[in-house]
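Chain order of the listed sequences is A and B. Residue numbers for the first sequence follow our numbering, beginning at 2 and rising by one. Residue numbers for the second sequence follow our numbering, beginning at 1010 and rising by one. Glycine included, each C-beta is placed from N, C-alpha and C at the ideal position.
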Amino acid sequence: MVELERRGVPTVIFTAEAFVADARRTAASLGLPGLPLAVVPAPFTNQPPAAIHAMVEAAFDQVLAGLTRPVEEPPPTAPAPADERLVYEGEDALAAWEAMTRDFLARGWSDGLPLVPPTPRAVEAMLRGTRRAPDEQVAVLEPGFGIATVEKLAANAVMAGCRPEHLPLLITAVRCLAEPKMYLRNKAMSTGPHAPLVIVNGPRARTAGLNAGLCALGPGAPSAANTALGRAVRLTMMNVGHTYPGVSDMDTIGSPLKYSLCCAENEAASPWEPYHVSRGFPADASAVTVHFVYGICELYDFQSTTPERLVQVFATAATNVAQVSTGLWLIGRRADPRYRTEEKEHNTLFLCPEHARVFAAAGWDRARLQEALYRAARVPFRILGLNKEPKAMAVAHPELAWLADHPDLPLPVVEAPSCFDIAVVGGAAGRGAYFYGAGEPVTLAVDE
Amino acid sequence: MTRLEIVNPVARTLEFSVKPAPRLADWRGVTVGLYWNMKAGGDAALDRVEALLAARVPGLRFRRYTGSVGWLMRHCTPEDADRIAAEVQAVVGTTND
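1. Give me the Cα-Cα distance between residue 346(A) and residue 440(A), rounded to the nearest whole angstrom.
2. Strictly by DSSP, which residues pair up with residue 202(A)?
3. Pull the bridge partners of residue 1014(B) from the DSSP assignment, please.
4. Indicate whether residue 326(A) and residue 437(A) have their beta-carbon atoms separated by less than 8 Å.
5. Is there a Cβ of chain A sitting closer than 8 Å to that of residue 1083(B), yes or no?
6. Determine whether the beta carbon atoms of residue 109(A) and residue 245(A) lie at a separation below 8 Å.
7. Which residues in chain A have a C-beta closer than 7 Å to the C-beta of residue 1014(B)? List them in chain order.
8. Is the distance from the Cβ of residue 69(A) to the Cβ of residue 1032(B) below 8 Å?
9. Can you name the residues that DSSP bridges to residue 335(A)?
10. With respect to the beta strand (DSSP E) encompassing residue 1063(B), which residues constitute its N-terminal and C-terminal limits?
11. Please check if any C-beta of chain A sits within less than 8 Å of the C-beta of residue 1025(B).
12. Determine the direct distance from the alpha carbon of residue 397(A) to that of residue 168(A), and round the result to whole angstroms.
13. Cβ of residue 1043(B) less than 8 Å from any chain A Cβ?
14. Could you round the C-beta distance between residue 305(A) and residue 359(A) to whole angstroms and report it? I think they count as a contact, below 8 Å.
15. Note down, in chain order, every chain B residue with its Cβ under 9 Å from the Cβ of residue 384(A).
16. Following the continuous alpha helix (DSSP H) through residue 177(A), name the residue where it begins and the one where it ends.
17. Taking Cβ positions only, does residue 1064(B) come closer than 8 Å to chain A?
18. What residues from chain B crowd round residue 329(A), counting only those whose CB sits closer than 8 Å?
19. Between 329(A), 201(A), 253(A), which lies nearest to residue 278(A) when the distance is taken from Cα to Cα?
20. Give the interface partners of residue 7(A) over in chain B, defined as CB-CB distance under 7 Å, in chain order.
21. Alpha carbon to alpha carbon, how far is residue 209(A) from residue 225(A)? Give it in angstroms, no decimals.
22. Please list the terminal residues of the continuous beta strand (DSSP E) segment that includes residue 38(A).
23. May I ask you to report which of helix, strand or coil DSSP gives residue 299(A)?
24. What is the DSSP secondary structure of residue 1042(B), counted as helix, strand or coil?
25. Quick one: does residue 93(A) have its CB under 8 Å from some CB of chain B?
26. Could you give the first and the last residue of the continuous alpha helix (DSSP H) run that contains residue 46(A)?
27. Under 7 Å: does the beta carbon of residue 365(A) sit that close to some heavy atom of the ligand GDP?
28. Would you report the Cα separation of residue 100(A) and residue 240(A), rounded to the nearest angstrom?
29. Whole angstroms is fine: what's the gap from residue 390(A)'s alpha carbon to residue 191(A)'s?
30. Taking 8 Å as the cut-off, does the region 358-373 of chain A touch the region 330-344 of chain A (at least 3 CB pairs, one atom from each stretch)?
31. For residue 324(A), which of helix, strand or coil comes out of DSSP?
32. Measuring only between beta-carbons, confirm whether residue 1076(B) sits less than 8 Å from chain A.
33. Go ahead and pull the three-state DSSP assignment for residue 448(A).
34. So, does the CB of residue 1069(B) fall closer than 8 Å to a CB anywhere in chain C?
35. Taking the CB atoms as reference points, tell me whether residue 1027(B) and residue 143(A) lie closer together than 8 Å.
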């Protein structure tokens, strides 16, 4: 709507009460804080037409006013302190730290867990992890268009508990977040639980102390580096990208995966080429992949000794229609309209080494597993369509209108076999993980 | 007293400014665009908006739009925005939650 206002067209948009602050903040970040809203008590979703019509009738005066009355600028929200140094005081060091903690929670700058104070000395030490200058701009992060300088990333890395050797990995993850194809604005602000899954490959994963084996996704001491790096990505999304829960992150329920979700691939236990090689990077390169995911499902199987049977089990996870990404291709592709990027919906599998060996022993490579999953993970059209807007499907795929006459036809849950991303992770048991993904992963080489 | 000095972790932001469009002075000859991003229920809301506006301003014309890209939400590309701006004089949207 801001783009239409820019083109001289007056607009008004409906917004549910719970989303007014979000709408105002979004409009402000796009340059028009007074964008007219017609506020209704609840979202239109999951409402019968009669209830929607009643809400529209009650808000109709706001529609008229929005199109005819001068746009009023709302009072400015309290700006973040511009000072580059902040000072907290207390009777002793603990009291000063508690004052910082309280202030950070009040301002929304904390993930809710205790933070390491980013003192100038700690940030300076963190900066020794990269050759980049502190004031170098790595990226601009949406939704707030925050300028990600190396120093800001270092400060958030300190807060998360990172060590200097983690900073280049955080910088690379942030570059992944800023890729137009990532469409971070959507994933950061959504009502869905989009959590950035960070996978590190190559020698930098080992020197950074990242765990790829037992308990790779934590918690605990074996995964301390994983936890800190994943947490730094979250804090960066908040304090650099200005993705603040309840303000610009409108996640309906939230997710513990959003605190931290990071590990290395267990390349030593994989029978296949490393994951980053499958994505076009040299084997000796270090790479970071970020894939936003909604949720996680265990891939448990202690029984199967053949690839075919394991694929059958895995396919039951992939055919969960209650998960938004399942069959989403039916109604189009996730797309950032500014860049006309289009993403296929991908899902990431963490194959445990035991299961990976079953496939390898039978001569299966990653591509064969992807193909088998694509063929096995199918759902009847009438079930896949239960939670999808029919009119959106008609727009996205008018050529598939004939499916209405074949409701029981099984359809693939993703667009292509390559939409299953497969990395080998974990310890010694037949228990992997299936991540329901949001869009495509982005992988970049680590640049010191 | 103990003093704890820290580096501010919050990034500065790029700032943008868009001048709001002139509002409608009267409704004569106006075509209203009804933009739906295809989130469930938004079409029903726009149906009611159209009926209410038509009852209030006889002769008002309407055009329906959705974005040319997207999935759960269909978004307006710059080209879509150019086309809409050329075809209508006001827009009511259901693009939010």
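The structure says:
1. Position 345 of the first sequence, counted from the start, is the residue given in the question as residue 346(A). Position 439 of the first sequence, counted from the start, is the residue given in the question as residue 440(A). Looking at the two C-alpha atoms, the distance is approximately 4 Å.
2. As a working mapping, residue 202(A) is identified with position 201 in the first sequence. 288(A), per the DSSP bridge assignment.
3. Along the second sequence, read from residue 1 onward, the residue named residue 1014(B) stands at position 5. DSSP output for residue 1014(B) lists 88(A) as bridge partner(s).
4. To locate residue 326(A), count along the first sequence from 1; it is residue 325. To locate residue 437(A), count along the first sequence from 1; it is residue 436. For residue 326(A) and residue 437(A), yes; Cβs fall inside 8 Å.
5. Taking the first residue of the second sequence as 1, we reach residue 1083(B) at position 74. By this cut-off, residue 1083(B) is an interface position.
6. Sequence index remark: in the first sequence, residue 109(A) carries index 108 (1-based). Sequence index remark: in the first sequence, residue 245(A) carries index 244 (1-based). Yes, Cβ-Cβ distance for residue 109(A) and residue 245(A) is below 8 Å.
7. Mapped onto the second sequence, residue 1014(B) falls at position 5. By Cβ distance, chain A contributes 86, 88, 120, 121.
8. In the first sequence, residue 69(A) corresponds to position 68, counting from 1. In the second sequence, residue 1032(B) corresponds to position 23, counting from 1. Contact: yes.
9. Taking the first residue of the first sequence as 1, we reach residue 335(A) at position 334. Bridge partners of residue 335(A): 344(A).
10. The sequence position of residue 1063(B) within the second sequence is 54, counting from 1. Element bounds for residue 1063(B): not the beta strand (DSSP E) but the alpha helix (DSSP H), 1051-1065.
11. The count along the second sequence starts at 1 and reaches residue 1025(B) at position 16. Interface residue, yes.
12. For the purposes of this step, residue 168(A) is identified with residue 167 of the first sequence, where counting begins at 1. For the purposes of this step, residue 397(A) is identified with residue 396 of the first sequence, where counting begins at 1. Computed Cα separation, rounded: 41 Å.
13. Taking the first residue of the second sequence as 1, we reach residue 1043(B) at position 34. For residue 1043(B), the answer is no, since every Cβ of chain A falls outside 8 Å of its Cβ.
14. As a first step, residue 305(A) is located in the first sequence; it is residue number 304 there, counting from the start. As a first step, residue 359(A) is located in the first sequence; it is residue number 358 there, counting from the start. That pair is a contact at about 7 Å.
15. Within the first sequence, residue 384(A) is the residue found at index 383, counting from 1. Residues of chain B passing the Cβ test: none, with the nearest at roughly 18 Å.
16. Counted from its first residue, the first sequence places residue 177(A) at position 176. Unbroken alpha helix (DSSP H) run through residue 177(A): 168-179.
17. The count along the second sequence starts at 1 and reaches residue 1064(B) at position 55. No, residue 1064(B) does not count as interfacial toward chain A.
18. Counting from one through the first sequence, the residue named residue 329(A) turns up at place 328. Chain B residues near residue 329(A): 1080, 1081.
19. The sequence position of residue 278(A) within the first sequence is 277, counting from 1. The option with the nearest alpha carbon to residue 278(A) is 201(A).
20. Here residue 7(A) refers to the residue found at position 6 of the first sequence. Result: 1027.
21. Counting from 1 along the first sequence, the entry for residue 225(A) is found at position 224. Counting from 1 along the first sequence, the entry for residue 209(A) is found at position 208. Taking the straight line from one Cα to the other gives about 11 Å.
22. Numbered from 1 along the first sequence, position 37 holds the residue referred to as residue 38(A). Taken as a continuous stretch (DSSP letters only), the beta strand (DSSP E) holding residue 38(A) covers 38-41.
23. Along the first sequence, one-based indexing puts residue 299(A) at 298. Residue 299(A): strand per DSSP, three-state reduction.
24. Stepping through the second sequence from its first residue, residue 1042(B) is reached at position 33. Note: residue 1042(B) maps to strand in three-state DSSP.
25. Mapped onto the first sequence, residue 93(A) falls at position 92. So, interface residue.
26. What you label residue 46(A) is simply residue 45 of the first sequence in a count that begins at 1. Unbroken run through residue 46(A): none, as it is neither H nor E.
27. Annotation note on the ligand GDP: not contained in the displayed structure, which lists no ligands.
28. Taking the first sequence and counting its residues from 1, one reaches residue 100(A) at position 99. Taking the first sequence and counting its residues from 1, one reaches residue 240(A) at position 239. Rounded to the nearest angstrom, the two C-alpha atoms are 19 Å apart.
29. Counted from its first residue, the first sequence places residue 390(A) at position 389. Counted from its first residue, the first sequence places residue 191(A) at position 190. Between residue 390(A) and residue 191(A), the C-alpha separation is close to 18 Å.
30. no
31. As a working note, residue 324(A) is residue 323 in the first sequence. In this structure, residue 324(A) counts as coil in the three-state DSSP scheme.
32. Position 67 of the second sequence, counted from the start, is the residue given in the question as residue 1076(B). For residue 1076(B), the answer is yes, since a Cβ of chain A falls inside 8 Å of its Cβ.
33. What you label residue 448(A) is simply residue 447 of the first sequence in a count that begins at 1. Three-state result, residue 448(A): coil.
34. Although the question refers to chain C, the structure presented lacks it and instead comprises the protein chains A and B.
35. To locate residue 1027(B), count along the second sequence from 1; it is residue 18. To locate residue 143(A), count along the first sequence from 1; it is residue 142. No, they are not a contact pair.
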